[in-house]
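Protein chains in written order, with the numbering used here: chain A, 1 to 270; chain B, 1 to 270. The beta-carbon is built from N, C-alpha and C at its ideal position, and this holds for glycine as well.
Protein chains: 2
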Amino acid sequence: MTYEAMDVQENLLRNDAEILEDTVTAFRSGSNMPARKRLYPVSPCDSCAAHKKAICSSLEGQALDRFRTKGRTRIIKVGEPLFFESEDIRYFYTVISGEVRLCNILEDGRRQVVGFRSCGDKVGEHFGGKYLYDAEAVCDTIVCQFPVRELEMQMQQSPEMRAKLMKIMQEEISELQQHTILLGRKTPIEKIATFLKNRASKLNLVGEENIEISLSMGRSDIADYLGLTVETVSRTISKLKAEKVIDVPSAHAVVVRDIQQLAVLADGKK
Amino acid sequence: MTYEAMDVQENLLRNDAEILEDTVTAFRSGSNMPARKRLYPVSPCDSCAAHKKAICSSLEGQALDRFRTKGRTRIIKVGEPLFFESEDIRYFYTVISGEVRLCNILEDGRRQVVGFRSCGDKVGEHFGGKYLYDAEAVCDTIVCQFPVRELEMQMQQSPEMRAKLMKIMQEEISELQQHTILLGRKTPIEKIATFLKNRASKLNLVGEENIEISLSMGRSDIADYLGLTVETVSRTISKLKAEKVIDVPSAHAVVVRDIQQLAVLADGKK
DNA sequence: CAAAAACCATGAAATAGATCAAAAAAAATC
DNA sequence: GATTTTTTTTGATCTATTTCATGGTTTTTG
Chain A
1 MTYEAMDVQE
11 NLLRNDAEIL
21 EDTVTAFRSG
31 SNMPARKRLY
41 PVSPCDSCAA
51 HKKAICSSLE
61 GQALDRFRTK
71 GRTRIIKVGE
81 PLFFESEDIR
91 YFYTVISGEV
101 RLCNILEDGR
111 RQVVGFRSCG
121 DKVGEHFGGK
131 YLYDAEAVCD
141 TIVCQFPVRE
151 LEMQMQQSPE
161 MRAKLMKIMQ
171 EEISELQQHT
181 ILLGRKTPIE
191 KIATFLKNRA
201 SKLNLVGEEN
211 IEISLSMGRS
221 DIADYLGLTV
231 ETVSRTISKL
241 KAEKVIDVPS
251 AHAVVVRDIQ
261 QLAVLADGKK
Chain B
1 MTYEAMDVQE
11 NLLRNDAEIL
21 EDTVTAFRSG
31 SNMPARKRLY
41 PVSPCDSCAA
51 HKKAICSSLE
61 GQALDRFRTK
71 GRTRIIKVGE
81 PLFFESEDIR
91 YFYTVISGEV
101 RLCNILEDGR
111 RQVVGFRSCG
121 DKVGEHFGGK
131 YLYDAEAVCD
141 TIVCQFPVRE
151 LEMQMQQSPE
161 MRAKLMKIMQ
171 EEISELQQHT
181 ILLGRKTPIE
191 KIATFLKNRA
201 SKLNLVGEEN
211 IEISLSMGRS
221 DIADYLGLTV
231 ETVSRTISKL
241 KAEKVIDVPS
251 AHAVVVRDIQ
261 QLAVLADGKK
């Protein structure tokens with residue numbers, strides 16, 4: 001199938017599930033379609049890994065179907081932007097697979113990663129004029145894209161969706177406040193331990209031995225997230241490895257060998 | 001007037017405005033009424049300095065009057081808590097005068113001030129089980145206190161109030177993200193300059209010469225807010241004074257002599 | 001209003017983390 | 001699949017900020 005044939009208009013006529021399958025296959029095979037072409041109808045939500053956690057989970061039946069047709073599935077390759085801080089808000093996104101970093105840049109190039117977003121997480125604002133950050137894929141990523149006005153409309157009709165969005169915003173506030181403690185008062189070891197612990201707990205595998213965490217992002221992303229330099233991140237990870245708290249089979253994978261000790265280190269109890 | 005006479009029940013029978021006047025007078029005169037007594041009916045909103053900015057500004061007429069009767073005006077003296085992080089959420093607050101610090105404490109005593117709240121600002125959460133932070137007065141402070149369930153009820157009926165709360169939450173997120181850049185990537189000078197610039201811009205006096213800022217909080221609160229030590233805060237303020245960007249007539253007052261230079265320093269352009 | 005306590009400013013010393021440098025490993029490109 | 005480029009790791013040095021210490025102010029309290 002040529003990329004021309006995968007144009008949105010044409011895709012709208014085809015079976016949704018079939019299309020996403022094609023999409024993902026073409027994507028995985030590494031074909032470098034131009035960015036504007038990588039936009040497809042959203043396939044049904046019941047088979048979607050992100051749905052349960054995502055904002056769309058607040059809708060059901062017809063309302064959900066209707067909402068879904070307003071969205072587009074979009075593919076973003078490593079390093080590509082979803083949008084920039086300076087842009088007017090037009091869409092908001094839900095991450096389906098992969099991961100996105102949210103960045104703020106100072107004029108001299110210093111960068112702060114404000115957060116990472118993965119499967120089921122929301123990216124982007126829904127009101128106010130401009131986005132609050134640059135959003136970029138840290139690895140090949142698939143997102144659902146919805147026009148903000150559709151969200152607004154849907155929210156007027158659905159108290160469930162309103163409640164869900166409020167809850168998401170509240171969690172965002174809570175997370176940012178926690179991160180504030182980390183940035184302002186924690187040591188490098190505490191920072192890295194907290195970061196790894198948080199990623200581990202996202203996997204819902206607490207209690208198990210040898211929790212395997214994937215670090216989709218590079219060391220410099222971690223550094224800019226934790227307010228450190230790349231060198232300090234690298235050294236600190238090495239230190240945790242030397243202390244047998246973690247294993248590091250590859251730069252993008254970490255195995256937590258002692259989750260309790262990791263938790264102890266994260267809160268600076270030792 | 002005795003404190004007994006100022007009991008809430010009795011106060012309910014009196015004229016609201018009269019009561020707040022008494023309240024504030026008694027408060028200013030430094031009388032040390034027990035904390036449980038410092039709770040009064042809320043006087044009418046039209047004469048309230050905080051109302052325009054506060055969440056209650058989204059209500060009008062009868063709805064506002066009704067809501068007001070559900071609240072209490074409360075006085076908190078320097079250093080006294082409004083609530084602690086460990087407490088179940090029961091009330092949320094609007095600051096009428098004075099200022100409140102929101103803190104997170106690590107087990108070994110390290111502290112991060114997550115934010116300050118002043119006239120018109122909201123303090124406290126409205127859902128989830130526990131508060132996210134300790135809230136304490138940094139100077140003598142007056143707040144309005146509302147049960148969270150009243151807010152919930154009112155929100156069901158008032159789309160305006162829902163919208164207002166969402167906007168407040170969005171601003172909170174935006175502010176926290178900005179603070180994240182400051183904590184993760186800015187130098188002490190940039191941090192202090194940003195802090196002073198932000199406080200100046202809250203006063204809506206931009207463009208004027210010699211903007212007078214009051215620092216209700218102590219140096220250690222500023223330090224814990226900016227991720228610095230008291231000593232560095234003190235030294236950095238002295239440096240800005242030496243460079244004639246600010247004057248420091250007293251420890252709790254700063255006069256901005258060169259707001260442009262302050263802005264330049266805040267973003268690290270120099 | 002005087003004594004005590006808390007707070008603020010500043011100097012000297014110590015150090016944690018940054019910067020600089022270079023090799024090793026991994027990923028991207030032709 | 002070999003070559004270039006980027007990323008990661010590790011070592012050595014340096015410096016900005018913290019820590020420690022002290023004196024001067026301001027604020028609190030009895």
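Beta-carbon spacing of residue i, residue j below 9 Å
i, j, result
"A/R101", "A/F83", "no"
"A/L262", "A/L240", "yes"
"B/F146", "B/T94", "yes"
"A/L203", "A/I189", "no"
"B/G120", "B/V148", "no"
"B/I297", "A/Q112", "As shown, chain B starts at 1 and ends at 270. That puts residue 297 of chain B outside it, with no answer to give."
"A/L106", "B/R185", "yes"
"A/S234", "A/R257", "no"
"A/S216", "A/S118", "yes"
"A/L196", "A/V138", "no"
"A/K77", "A/D134", "no"
"B/E136", "B/K70", "no"
"B/C144", "B/I75", "no"
"B/T236", "B/K191", "yes"
Cβ of residue i within 9 Å of any chain B Cβ
i, result
"A/S201", "no"
"A/E125", "yes"
"A/E87", "no"
"A/Q261", "no"
"A/E107", "yes"
"A/D224", "yes"
"A/M161", "no"
"A/G184", "yes"
"A/G268", "yes"
"A/L165", "yes"
"A/Q62", "no"
Buried versus exposed, by CB contacts within 10 Å (16 or more), residue i
i, result
"B/A223", "buried"
"B/T73", "buried"
"B/E171", "exposed"
"B/N32", "Its pLDDT being 47, under 50, B/N32 is placed unreliably in this model, and the value from its coordinates should be taken loosely. It counts as exposed."
"B/G207", "exposed"
"B/D221", "buried"
"A/Q156", "exposed"
"A/A163", "exposed"
"A/G109", "exposed"
"A/P249", "exposed"
"A/T194", "buried"
"A/R68", "buried"
"A/G98", "buried"
"B/G30", "Confidence at B/G30 is low in this model, with a pLDDT of 44, below 50, so the placement of that residue should be treated as unreliable; the coordinate-derived value is given next. It counts as exposed."
"A/N11", "Since pLDDT at A/N11 reaches only 41, below the 50 mark, its modelled position is unreliable, and the value read off the structure follows with that caveat. By the 10 Å Cβ count, A/N11 comes out buried."
"A/P41", "buried"
"A/S43", "buried"
Any chain A beta carbon closer than 9 Å to residue i
i, result
"B/L114", "At residue 114 of chain B the sequence reads Val, which differs from the Leu that was named. Yes - at least one Cβ of chain A is within 9 Å of the one on B/V114."
"B/S47", "no"
"B/L132", "yes"
"B/R111", "yes"
"B/Q157", "no"
"B/M153", "no"
"B/S250", "no"
"B/N198", "no"
"B/D121", "no"
"B/I173", "yes"
"B/Q170", "yes"
"B/I181", "yes"
"B/L265", "no"
When the options are compared against residue i, the one with the closest alpha-carbon
i, options, result
"A/N210", "A/D247, A/G61, A/D267 and A/P81", "A/D247"
"B/I55", "B/E152, B/L132 and B/V78", "B/E152"
"B/S174", "A/V78, A/P249 and A/E85", "A/E85"
"A/D88", "A/L132, A/A242, A/L183 and A/A193", "A/L132"
"A/E160", "A/A63, A/L228, A/I259 and A/A266", "A/A63"
"B/K53", "B/K122, B/A200 and B/Q178", "B/K122"
"B/I142", "B/A251, B/D267 and B/L39", "B/L39"
"A/R199", "A/A242, A/A266, A/K244 and A/L165", "A/A266"
"A/K269", "A/T187, A/M166 and A/H179", "A/T187"
Completely contained alpha helix (DSSP H) runs for the region 150-215 of chain B, where each covers 4 or more residues: 159-185 and 188-202
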